[in-house]
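In what follows, a single structure is set out as structure tokens and then discussed.
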Amino acid sequence: MTVLFAVLLPTIGAFILPLAGKVSKLLRNILALLLVSCSFILSLILIPSALSGHIESFRVAFPLGLDFVLAADPLAVFMALVSSFVGSIIVLYSFDYINHYENQNEYYAMVVLFLGSMMGLVYSQSLIYLYVFWEITAIASWRLIGFYRSPKDVLKADKSFLVTAFGALVMLIAFIAIFGMFGTFDLTVLKGHVLPGVLIGLILVGILSKSATLPFHTWLPDAGVAPSPVTALLHAAVLVKIGVFVFARLFLFTFNIGVFWHTAVPVIAAVSALVAAGAALIETDMKRIIAYSTVSQIGFIFLGLATGNPVGVAGGMLYILMHGIAKGGLFLTAGIVEQNTHNKDITKMGGLISTMPLTAVSFLFCAFSVMGIPPFGGFFSKFMVISGAVDAGQIAISITFIIGAFMTILYLFRMFNLVFLGEARGKLAAEGSKLMVFCVVLLAIMSLGSGILISYPADFVRIMVSQVGGIR
Amino acid sequence: MGIEMSQMFWTFFIFFALLLVEGFYCIIVTYNFLRVLIGLELLMKAVTLFIIVAGYLSGNLALAQSIAITVIVIEVVVVVVAAGIIIGFFREYDSLNIKNARSMKG
Amino acid sequence: MNVLLLLLILMVLAGLWSILTSLLLRATIALALTSVLLTVVMFQMNAPLAAVFELSVCAGLISVVFISVISLTHRQPLKEYLARRQKRILRFWPLPVLLLVVGVGLSFVHRPVHIMLPHPTAFGDIRIMMWQLRRLDLFGQILVLLAGVYGVLILFRGNKNGN
Amino acid sequence: MNYLLIFVPFIALVLVNLLPKKLRPISSFLVLLLILAAQSIFAALAPFGLIRAVGAVRMEHLFGFHLLIDNLSLLLLLSAGIVGFSALMVAWHSIKDEDDRFNFTNLLFILLIGMNGISMLRDLFSLYVFIEAIAVSTFIMILLYKAREAYEGALKYLILSVVASVMMLSSIALFIMFCGGTSFEVIKLSLVSSGALARIAIALFICGLFIKGGLVPFHGWLADAYTSAPAPVSVVLAGVVTKASGIFTLIRLLTAVIGFSPATKDLLLIIGAISIVIGALAALGQKDIKRMLAYSSISQMGYILVALGCGTRLGLIAAAFHFLNHAIFKSQLFANAAAVEEQTGSRDLGSLGGLAQKMPVTGITSAIASLSTAGIPPLSGFWSKLLIIIALWVSGNYFYAVIAVLASLLTLAYFLTLQREAFFGQVSVKVSSVTEASAGMLIPAVLLSAMTVGLGLVFPFVIKYFVR
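Residue numbers (this note's numbering), protein chains in the order written: chain Y, 206 to 677; chain L, 3 to 108; chain P, 49 to 211; chain R, 49 to 516.
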């Protein structure tokens, strides 16, 4: 039942928020934070059962193979912890960030619904409910990206909705085909079956479009028109991670995929990582740089998951955690900078470290983690992913990714230089509000702390990986 | 009986078809709503004929007659309503030309 | 049978006339004539009740409706009418040809057909048929008539705005 | 019980018209509202066996004709009840003139009787008579305000409707000749032994139904009629009327008389797939809200048709469920369009914008209905589309399944356009002084979108009643 509550509390609670907003703003904000952190706490409670091997699950039987199944296996609990933790911090950050815009009720409702459906997605063990929650996140992101309501924003919101819905529909075809072959949508029943290559390809279209990998990546930088907490949510906590998660859920934990895909996916990931890193190098819009960086980093996660050996998969999993924390921090610091300078163009900033030191240092910490500089968390995950790829014998691809990693260092330093160092090219703004700074500092410390205390998440991930069947 | 019956059916069918051709030709070619209505009337005449023929040939005249009567009643209601619409159309556009009704794009 | 054939040929010709004539009033008369001919055909086929209906309703009532619509709407100057008359012929001459082709073409089709005799439970008497077996149709008819009444109420009432 | 469904409204209609003139509009409104509500509740609860016991009273000998209620009838009864209810609510607030309002209620009475009749009939010719009753009252309803463009819509509809009647009547004549009667059992029995002409008769009848239902080769009249009709009329027209006379009759014929032969299946699949794609593409280019919705209707009817084309039990269930869903979300979208037109005086997408901020309830409900139409979970439209696609896939029509899936993207695209231009976005200058529509307009919208969401959430629970 804990699983059910972890899913239902935020999804249903989201619709109470607008009503609460009518009563008082504070009540609504606190309630939103409570709902999201409830999922976090409930997921924490689920850890022992997940690790003990006695997996807690919840099932309602329906005709036509439409059984509603929730199960808290280690993979689900891990994903749920990452997203609900980053999500809680983002909601906290929003208190100050969003409070001078219109449509706040809708904002909180959609953010909580977003995180709630993410919980549903990670815990559900049925293809069809996976799809249902997948599309609910699309609805929520559609409303959130268009938050500012200008024609340009709404157009981009529509674009992201259409691209991800296209991927989802293609994936749905594959799901229906799976139903046609096996007569059920239940993943626990489907475990261990071999899928035909066509269906893997169709599902991959869905996954790549949601996680914004080449060639479906264009919507993600465009989605940068949304408010910063939303972009942080999209990039760090929820949306792009969905694709990665579903990849792990379907192709590592459920179906057996052929050797071909263990090479094809890294190639796609490598191209995506390099092209996006190149784009990030020449972009001047602050949020677009970080967005391209996400596209690039997602490539690393795919590489890790697709290597198919324990080190690589564990690296990919850790990467999800590290990237979530660090990228969330980057976007939130970018949000502070953007809100206070009213500017997104990095060529028109500079010297901000003198007026907003805490923000600058937090940015640097998070950037170090994304770059993979020891002892930050990002180092371990990046190291494990690449060593996993080398173990798998994919030397060429490993070298490509190392180049990608260098490019990451380049563009993040360039950005840090232009924004925080040097002389001021634009107006020097003051530090953000205390609450917002607290959030980014927290994330920065987490980036460092997760590196120093790497053994805890690594143990968790090792147990999880040991349950994967298809690893050689 | 079979062959004779077939022959009769085809004879009547030819006339039914001819009336249908007349009606459809009228609907398609004319520009005047009243004439379109006349075309529709011809179609209904053809159908009424066909129903009675059906009853006549199959020996089920009672059914055919009761159906034909109902059809005639419905027909007159439709014509009256159509007449009302046409008069209204004339009041609005001061013409019965069908081309005036092409302002709506498909 | 021969009488029937003659009547049917006349009926088709009357229909043709109603389409080809350039005067709307004449077209209406031709339509009424078609109706009358249909009535006679029905009498010949032993369907007197339907025939009476056809005569009174179609030949009578509908003609009245048509004529009133024409008197309400038709205001064409004679000159324009004469000019139009020439053009009309251009559009309508294919019809008789088409009729001839269809008629002759179809007369070569003589596939045997199997006509089903009435269901043994069917009643031969039209009164029983109508009042006992087809009550629902009568109910439907009343419905259509009611709708027609509202139609007349709405459509023939002048515009409220006064134009 | 069955007879009550057509006699109660009929007697009520007569009685209401006998009342003194002052009392008529309000009393007819209330009586019809009551009847519609009762009918919806009856139809919604009947599958659960709550009212079945009451309905078992046999009255056949009293009236001498057969009206049978099966699950399919309940579907139409429910849709008619729900849509009629919403249309009446919309009408009460958007029709200003008392006489017009009274006339609308009267015609709605006739439509209701007609649809209830259609849902229970077992005779081809009676079916035709009731369809015609619906059609005649529809012509008049479109012209309720006598708007200039309404004449064109009504005339187009009338002409094509008569052509459809001619086809149906010819087919009835052929049935008399080759099957010896018009009732479903007689036709079904003799269909096996009869030859090619009986098949032509079937084809003619189905063709007539396609015209009445506005499916693709014959869809020309539909957009004009829907667009030019007054707001409440288009709600009831798009929600249930054309579906009752077109698609529902087709379902009834297929299940009770004709059965599924390979040729019929192919016909349904091809026409359905073409309707889906052409309707969606045409909707994509529209600037008028109602016109867009009209084309969307064509597209959605295509979905019902392809589901029928599977010829399997699952396909029928999917078609039935999509029928109900379509009645709910399409009438709601038209009710939203009515609210927008009422408040802004315009239906042109170019001159609207940001209405969601001025009319929050309308904005949210229309977003829900749009997403439901596009088949986005967890709304009810998703489940019916999912069932349709599963049915297509399981019956081996992979190609059509893929078309049906990918066409949802087109649906989503035009509804996102609608949302972007009208609701979601910045408030445009022309609508800056607009306020939310009156409560009466909002009640049906809220009610229907609650149904969409509710049905979507409980669908897995109720599906077993559908499957049975």
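Virtual Cβ for every residue (Gly too), placed ideally from N, Cα, C.
Status (buried if at least 16 other CB within 10 Å, exposed otherwise) for residue i
i, result
"V145(P)", "exposed"
"V105(R)", "In this prediction, V105(R) has a pLDDT of 42, which is less than 50 and means its spatial position is unreliable; nothing more can be read from the coordinates."
"V102(R)", "For V102(R), the pLDDT reaches just 42, beneath the cut-off of 50, and the residue's location in the model is therefore unreliable, although a value from the coordinates is still provided. The residue is exposed, with fewer than 16 neighbouring Cβ atoms inside 10 Å."
"Q599(Y)", "buried"
"A219(Y)", "buried"
"V51(P)", "exposed"
"E108(R)", "Any answer about E108(R) is weak, because its pLDDT of 47 lies below 50 and its placement is not dependable; what the coordinates show is given next. So E108(R) counts as exposed."
"R100(R)", "Unreliable positioning characterises R100(R) in this predicted model, as indicated by a pLDDT of 48, which lies under 50. The coordinate reading is nonetheless provided below. Label assigned to R100(R): exposed."
"N94(P)", "exposed"
"L36(L)", "buried"
"R361(R)", "exposed"
Selected residue, minimal CA-CA separation from residue i, among the options
i, options, result
"R354(Y)", "G401(R), Y462(R), Y343(R) and T312(R)", "G401(R)"
"Y640(Y)", "S262(Y), S257(Y) and S299(Y)", "Residue 640(Y) is actually Leu in this sequence, not Tyr. If we check each option's Cα against that of L640(Y), S299(Y) comes out closest."
"A19(L)", "G151(P), M49(P) and V197(P)", "G151(P)"
"L298(R)", "L156(R), G262(R), G429(R) and W441(R)", "G262(R)"
"V169(R)", "V211(R), V475(R) and S293(R)", "Correcting the residue type first, residue 169(R) is Leu in the shown sequence and not Val. Comparing Cα-Cα distances from L169(R) to each of V211(R), V475(R) and S293(R), the minimum goes to S293(R)."
"R72(R)", "E146(R), I117(R) and V131(R)", "E146(R)"
"A285(Y)", "T207(Y), V410(Y) and S477(Y)", "T207(Y)"
"S142(R)", "Y51(R), A387(R) and S76(R)", "A387(R)"
Contacts that residue i makes with chain R (C-beta to C-beta distance below 9 Å)
i, result
"M10(L)", "In chain order: nothing, as chain R lies at least about 11 Å away."
"R354(Y)", "G402, A404, Q405, F472, G473, Q474 and V475"
"Q189(P)", "V177 and A181"
Boundaries (first-last residue) of the beta strand (DSSP E) holding residue i
i, result
"L275(Y)", "F273 to A276"
"S262(Y)", "S262 to V265"
Partners in chain L for residue i, counting only beta-carbon separations shorter than 7 Å
i, result
"V184(R)", "V79, V80 and V83"
"S204(P)", "The question names Ser, but residue 204(P) is Phe in the sequence shown. Going along chain L in sequence order, the residues near F204(P) (Cβ under 7 Å) are G86."
Range covered by the alpha helix (DSSP H) that runs through residue i
i, result
"I101(P)", "The residue you asked about is not Ile; residue 101(P) is Phe in the sequence shown. P96 to F101 is the extent of the alpha helix (DSSP H) around F101(P)."
"S121(R)", "N119 to S142"
"I182(R)", "L172 to I190"
"K378(R)", "R361 to T392"
"H467(Y)", "V464 to I487"
"H528(Y)", "P515 to T546"
"V181(Y)", "One cannot answer for residue 181(Y) here, as it falls past the ends of chain Y, which runs 206 to 677."
"P142(P)", "P142 to S155"
Chain R residues whose Cβ lies nearer than 7 Å to that of residue i
i, result
"D185(P)", "F173, S174 and V177"
"G351(Y)", "F472"
"D363(Y)", "L464 and R468"
"V94(L)", "In the sequence under discussion, the amino acid at residue 94(L) is Glu, which differs from the Val named in the question. Result: R196 and Y199."
8 Å Cβ cut-off: residues of chain P touching residue i
i, result
"F226(R)", "V161, H162, I163 and M164"
"I519(R)", "Nothing can be reported for residue 519(R), as the shown portion of chain R is limited to 49 through 516."
Partner residues on chain P for residue i, Cβ-Cβ distance less than 7 Å
i, result
"G488(R)", "Residues of chain P passing the Cβ test: none, with the nearest at roughly 23 Å."
Chain Y contact residues for residue i, given Cβ-Cβ distances below 8 Å
i, result
"V450(R)", "I378"
"L503(R)", "Within chain Y, no residue comes near L503(R); the closest Cβ sits about 14 Å away, beyond 8 Å."
Residue i: CB within 6 Å of a non-hydrogen atom of the ligand MN
i, result
"L203(P)", "This structure lacks the ligand MN, and indeed carries no ligand of any kind."
Within chain Y, partners of residue i - CB distance below 7 Å
i, result
"S456(R)", "L374"
Chain R residues whose Cβ lies nearer than 8 Å to that of residue i
i, result
"Y198(P)", "N151, N154, L155, I158, S185 and I188"
"Y312(Y)", "None at all; the shortest Cβ gap to chain R is about 14 Å."
Exercise. For the segment 240-247 of chain Y against the segment 287-298 of chain Y, are there 3 or more C-beta pairs whose distance is under 8 Å?
Worked result: yes
Exercise. Should the segment 134-149 of chain P be regarded as contacting the segment 90-100 of chain P, the criterion being three or more beta carbon pairs within less than 8 Å?
Worked result: No, because fewer than three Cβ pairs between the segment 134-149 of chain P and the segment 90-100 of chain P fall closer than 8 Å, the two stretches do not touch.
Exercise. Using 8 Å as the Cβ pair cut-off and three pairs as the minimum, do the segment 255-273 of chain R and the segment 159-168 of chain R touch?
Worked result: The segment 255-273 of chain R, when compared against the segment 159-168 of chain R, does not touch it at the 8 Å Cβ threshold.
Problem set entry | Three or more C-beta pairs below 8 Å linking the segment 51-60 of chain P and the segment 81-97 of chain L | no
For this session: Check whether the segment 337-348 of chain Y touches the segment 459-470 of chain Y, taking contact to mean three or more Cβ pairs, one atom from each stretch, closer than 8 Å.
Result: Output reads no: the segment 459-470 of chain Y does not touch the segment 337-348 of chain Y.
Exercise. Is there contact here, the segment 304-319 of chain Y with the segment 361-369 of chain Y, by at least three beta-carbon pairs under 8 Å?
Worked result: At 8 Å Cβ cutoff, the stretches do not touch.
Exercise. Taking one C-beta from the segment 225-244 of chain R and one from the segment 320-338 of chain R each time, how about it: are there three or more such pairs within less than 8 Å?
Worked result: no
For this session: Assess, as a yes-or-no matter, whether the segment 438-445 of chain Y is touched by the segment 407-417 of chain Y under the definition of 3 or more beta carbon pairs within less than 8 Å.
Result: yes
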